[in-house]
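Asks: Numbering (the numbering used here), first residue to last: 24 to 527.
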Amino acid sequence: MADGLARTGYVIDNVIGGKRAPSGSGRKAGIFNPATGAEIGELHLSSVAEVDAAVQAAKDALPGWAKTPPAKRARVMFKFLELLNANQDALAEEISREHGKTHADALGEVARGLEVVEFCCGIPQLLKGEFSRNVGSGVDSIADRQPLGVVAGITPFNFPAMVPMWMYPVAIACGNTFILKPSERDPSASLLSYELFREAGLPEGVFNIVQGDKEAVDAILDHPDIKAVSFVGSTPIAQYVYERGCKAGKRVQALGGAKNHMIVMPDADLDQAADALMGAGYGSAGERCMAVSVAVPVGEETGDRLIEKLKPRIETLRIGPATDSQADMGPLITRAHQQKVLGFIDKGVEEGADLVVDGRGFALQGYEDGYFVGGTLFDRVTPDMTIYREEIFGPVLSVARAANYQSAVDMINAHEYGNGTAIFTRDGDAARAFAEDIEVGMVGVNVPIPVPVAYHSFGGWKRSLFGDHSIYGPEGVHFYTRLKTITTRWPAGIKEGAVFTFPS
Ligand code: NAD
24 MADGLARTGY VIDNVIGGKR APSGSGRKAG IFNPATGAEI GELHLSSVAE
74 VDAAVQAAKD ALPGWAKTPP AKRARVMFKF LELLNANQDA LAEEISREHG
124 KTHADALGEV ARGLEVVEFC CGIPQLLKGE FSRNVGSGVD SIADRQPLGV
174 VAGITPFNFP AMVPMWMYPV AIACGNTFIL KPSERDPSAS LLSYELFREA
224 GLPEGVFNIV QGDKEAVDAI LDHPDIKAVS FVGSTPIAQY VYERGCKAGK
274 RVQALGGAKN HMIVMPDADL DQAADALMGA GYGSAGERCM AVSVAVPVGE
324 ETGDRLIEKL KPRIETLRIG PATDSQADMG PLITRAHQQK VLGFIDKGVE
374 EGADLVVDGR GFALQGYEDG YFVGGTLFDR VTPDMTIYRE EIFGPVLSVA
424 RAANYQSAVD MINAHEYGNG TAIFTRDGDA ARAFAEDIEV GMVGVNVPIP
474 VPVAYHSFGG WKRSLFGDHS IYGPEGVHFY TRLKTITTRW PAGIKEGAVF
524 TFPS
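1) Would the region 362 to 372 and the region 129 to 137 be scored as touching if the rule is three or more Cβ pairs under 8 Å?
2) By DSSP, does Trp513 sit in helix, in strand, or in coil?
3) Tell me which residues share the same chain as Arg208 and place their Cβ nearer than 6 Å to its Cβ, disregarding the 5 neighbours each side in the sequence.
4) Please state whether the Cβ-Cβ distance between Thr258 and Arg412 is less than 7 Å.
5) Identify whether His122 lies in helix, strand or coil by the three-state DSSP scheme.
6) Per the DSSP calculation, Glu153 is bridged to which residue(s)?
7) May I ask which residues mark the beginning and end of the alpha helix (DSSP H) holding Ala44?
8) List in chain order: all unbroken alpha helix (DSSP H) runs of 4+ residues lying wholly within the region 202 to 252.
9) Could you check which residue in Asp245, Ala453, Ala166, Ala291 has the C-alpha nearest to that of Thr325?
10) When the Cα of Ala5 is compared with those of Ala113, Gly499, Ile342, which residue comes out closest?
11) Decide if Asp112 is buried, meaning its Cβ has at least 16 other Cβ atoms within 10 Å, or exposed.
12) Which whole runs of the beta strand (DSSP E) in the region 276 to 320 are 3 residues long or more, in chain order?
13) Checking the sheet assignment: what are the DSSP bridge partners for Val419?
14) Under the criterion of a Cβ to heavy atom distance below 6 Å, does Pro418 qualify as lining the ligand NAD?
15) For Leu506, which beta-bridge partners are listed by DSSP?
16) Could you give the DSSP three-state label for His67: helix, strand or coil?
17) Within a Cβ cutoff of 6 Å, which residues of the same chain sit near Asn231, ignoring the five residues on either side of it in sequence?
18) Between which residues of its own chain and Val140 is the CB-CB distance below 7 Å, once the five residues before and five after are set aside?
19) Here's a check: name, in chain order, each residue in its chain whose Cβ is nearer than 6 Å to the Cβ of Pro185, leaving out the five neighbours to either side.
20) Just to confirm, is the Cβ distance from Ala196 to Arg274 under 7 Å?
21) Within this structure, are the beta carbons of Gly467 and Ala445 separated by less than 7 Å?
22) For Leu529, which residues from the same chain have a beta carbon less than 6 Å from its beta carbon, with the 5 sequence-adjacent residues on both sides left out?
23) Within 10 Å of its beta-carbon, does Ser430 have 16 or more other beta-carbons around it, so buried, or fewer, so exposed?
24) With DSSP as the reference, label Thr448 as helix, strand or coil.
25) If distances are taken between C-alpha atoms only, which option among Val158, Leu420, Thr31 comes closest to Glu117?
26) If you pair each beta-carbon of the region 339 to 357 with each one of the region 449 to 459, do three or more pairs fall below 8 Å?
27) Roughly how far, in whole angstroms, is the beta-carbon of Gly443 from the beta-carbon of Gly483, given that I think they are within contact range, below 8 Å?
28) Just to confirm the assignment, what range does the beta strand (DSSP E) spanning Ile35 have?
29) Using the rule of at least 16 other Cβ atoms within 10 Å of the residue's Cβ for burial, across every protein chain shown, is Pro205 buried or exposed?
30) For Tyr495, is the classification buried or exposed, using 16 other Cβ atoms within 10 angstroms of its Cβ as the cut-off for buried?
31) Find the nearest neighbour of Phe401 within the set Asp377, Phe395, Val264, judged by alpha-carbon distance.
32) Using the Cα positions of Arg449 and Val432, report the straight-line distance between them to the nearest angstrom.
33) So, are the CB atoms of Ala303 and Tyr440 less than 7 Å apart?
34) Ends of the beta strand (DSSP E) at Ile54?
35) With a threshold of 16 other CB atoms inside 10 Å of the CB of Asp36, please say whether the residue is buried or exposed.
Here it is, written out as structure tokens:
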């Protein structure tokens, strides 16, 4: 087993003003290996006073960092990128040990996070303002984007390296100082990322990490000196964070949960569609906000043929710990979440869906206490069922058959979530209409997980995103900066006398 995967008996630190130490609050939470159920580390949950100290450190570092020329900030980003590249394996091990996802999947996560850092290397270009000469006689106008100040990010367990990287590299490249509150389930990847950023030359206090739970989150939301908060997590908490943060006068972007549908048209290549559903439905044990959790075959025949193709694929899924390099997926994040997903499967049966593959009895020799659930497939799921309405966040795929293309689109548009969706078809007309009519923020055409690249922006619609900005890319730069327009008159000495009409 690689060293990083085997690490046990550790205590997680906060990072405040460049100093690493565990919280002194006395409140603790365990960190578990999801494949074995064993406690491998300990996290001390921060108090309000510790959030205050992090804000003070970020405030102290702000003037120097905000005035550092963007080209110099970019040099730190370039060095950070180089170090991330060199440490991809180590980062992936930090992720897999605490999250449970396979090493290959963790490497994919690191690669997508790293792309955001690549994007941030171009920050001088991204922050270039606009200039208009002679908007009036001798009058020029400049439009400039300036940093907000101290900003914060609160992140979920499912991408412990990538989702924080959607936030802090962009915020910091823009000249802000940052406080990260990672998920308390898998905080180690952020600590390693911090070490690499510091080694790249980031001044102390620019990037701070406060470990914790609701107490730390509420302290961030209420703190008058934090100007903006980015949140990624479940919808009820996203809504709570959005409302409380806005009430405290902050700019907030809060990304929430999802129920992503994939339409399979009768003309689609069904092998390609079934393979896509396998990766998008069961990769990372379904614990992705862009996982496909509902397949929508159009027409009964398409439905029957799709089930025929999916069933053997699901029955032969290889499920194992992150140390198994051949595994397709690993365990779920906690025992409580495993029990919740099993409860959803019971509920699906109770509400009348056809259980085609049952993952409830899955057991792995030597890992009896791990939080595993086997790949599960339901057919004939309908919109009134709990397993259709709610986000399961596990390896459970529902097939909800639609009579025709329009009823498939109507079903998706009626769902409360609007994060991602896809259509599999060879019909350009249907694909084009779908891209236009579907009420979802990220759309794939023959692409099952359409996560935008780092120089576009990521964000859902409806109850999958609260706020006006998507995350990272150009929208990220807008979120972490504010516009200033400067109107100048040179030479200053032109005398017009007092003018009381509106300047024109
Ligand atoms: P979560 O909402 O439980 O936790 C997210 C963060 O909020 C964590 O840092 C946690 O400590 C904090 N938190 C939890 N309960 C809180 C409370 N009562 N008050 C204040 N803060 C609280 O989410 P999770 O289980 O860590 O992550 C899974 C969820 O995240 C899924 O719903 C998934 O769809 C969503 N997600 C969304 C996206 C997206 O881009 N839309 C990306 C990744 C994950």
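Glycine included, every Cβ here is placed at the ideal spot set by N, Cα and C.
Replies: Here's the rundown:
1) no
2) In the sequence shown, counting from the first residue as 1, residue 513 sits at position 490. Secondary structure of Trp513 (DSSP, three-state): coil.
3) Along the sequence shown, one-based indexing puts residue 208 at 185. Once the five neighbours on either side are set aside, the close Cβ partners of Arg208 are Phe180, Ile356.
4) As a position in the sequence shown, residue 258 is number 235, starting the count at 1. As a position in the sequence shown, residue 412 is number 389, starting the count at 1. No, Cβ-Cβ distance for Thr258 and Arg412 is not below 7 Å.
5) Reading the sequence shown from its first residue, position 99 is the one you call residue 122. In the structure shown, His122 sits in a helix (DSSP, three-state: H, G or I).
6) Locating residue 153 in the sequence shown gives position 130, where the first residue counts as 1. Looking at the DSSP assignment, Glu153 forms a beta bridge with Ala166.
7) Looking up residue 44 in the sequence shown gives position 21. First-last for Ala44: 42 to 44, but that is the beta strand (DSSP E), not the alpha helix (DSSP H).
8) 211 to 222, 237 to 245
9) In the sequence shown, residue 325 corresponds to position 302, counting from 1. Ranking Asp245, Ala453, Ala166, Ala291 by Cα distance to Thr325 puts Ala291 first.
10) Because the chain here runs from 24 to 527, residue 5 falls outside it and cannot be looked at.
11) As a working note, residue 112 is residue 89 in the sequence shown. Around the CB of Asp112, fewer than 16 other CB atoms lie within 10 Å, so the residue is classed as exposed.
12) 283 to 287, 315 to 320
13) On the sequence shown, position 396 is the one that residue 419 refers to. According to DSSP, Val419 bridges with Thr399.
14) Within the sequence shown, the letter at position 395 stands for residue 418. Checking the Cβ of Pro418 against the ligand NAD gives no.
15) As a position in the sequence shown, residue 506 is number 483, starting the count at 1. BP columns for Leu506 point to Arg168.
16) As a position in the sequence shown, residue 67 is number 44, starting the count at 1. DSSP places His67 in strand when its eight states are reduced to three.
17) For the purposes of this step, residue 231 is identified with residue 208 of the sequence shown, where counting begins at 1. Taken in chain order, the residues that qualify are Val38, Ile39, Ala77, Ala80, Ala81, Ile202.
18) As a first step, residue 140 must be located in the sequence shown, where it is residue number 117. Only Met100, Phe103, Leu104, Leu107, Met188, Pro192 meet the Cβ criterion.
19) As a working mapping, residue 185 is identified with position 162 in the sequence shown. Note that residue 185 is Met in the sequence shown here, rather than Pro. Excluding sequence neighbours, Met185 sits near Glu132, Arg135, Gly136.
20) Position 173 of the sequence shown, counted from the first residue, corresponds to residue 196. Position 251 of the sequence shown, counted from the first residue, corresponds to residue 274. No, the Cβ-Cβ distance between Ala196 and Arg274 is not below 7 Å.
21) Here residue 467 is taken as the residue at index 444 of the sequence shown, counted from 1. Here residue 445 is taken as the residue at index 422 of the sequence shown, counted from 1. Yes, they are a contact pair.
22) Look at the range of the chain in this structure, 24 to 527, and you will see that residue 529 is not part of it.
23) Residue 430 sits at position 407 when you count from the first residue of the sequence shown. Exposed is the call here.
24) As a position in the sequence shown, residue 448 is number 425, starting the count at 1. In the structure shown, Thr448 sits in coil (DSSP, three-state: anything other than H, G, I, E or B).
25) Residue 117 sits at position 94 when you count from the first residue of the sequence shown. Comparing Cα positions, the closest option is Thr31.
26) no
27) Within the sequence shown, numbered from 1, the residue matching residue 443 stands at position 420. Within the sequence shown, numbered from 1, the residue matching residue 483 stands at position 460. About 7 Å separates the two Cβ atoms, so the contact holds.
28) Indexing the sequence shown from 1 puts residue 35 at position 12. Counting along the chain, the beta strand (DSSP E) containing Ile35 begins and ends at 33 to 35.
29) By one-based count along the sequence shown, residue 205 stands at place 182. With 16 or more other Cβ atoms within 10 Å, it is buried.
30) Counted from its first residue, the sequence shown places residue 495 at position 472. So Tyr495 ends up on the buried side.
31) Reading the sequence shown from its first residue, position 378 is the one you call residue 401. Among Asp377, Phe395, Val264, the Cα nearest to that of Phe401 is on Asp377.
32) In the sequence shown, counting from the first residue as 1, residue 449 sits at position 426. In the sequence shown, counting from the first residue as 1, residue 432 sits at position 409. When rounded, the distance between both Cα atoms is 17 Å.
33) By one-based count along the sequence shown, residue 303 stands at place 280. By one-based count along the sequence shown, residue 440 stands at place 417. No, they are not a contact pair.
34) As a working mapping, residue 54 is identified with position 31 in the sequence shown. Where Ile54 is concerned, the enclosing beta strand (DSSP E) stretches over 51 to 55.
35) Residue numbering aside, residue 36 sits at position 13 when the sequence shown is read from its first letter. Its Cβ being crowded by 16 or more others within 10 Å, Asp36 is buried.
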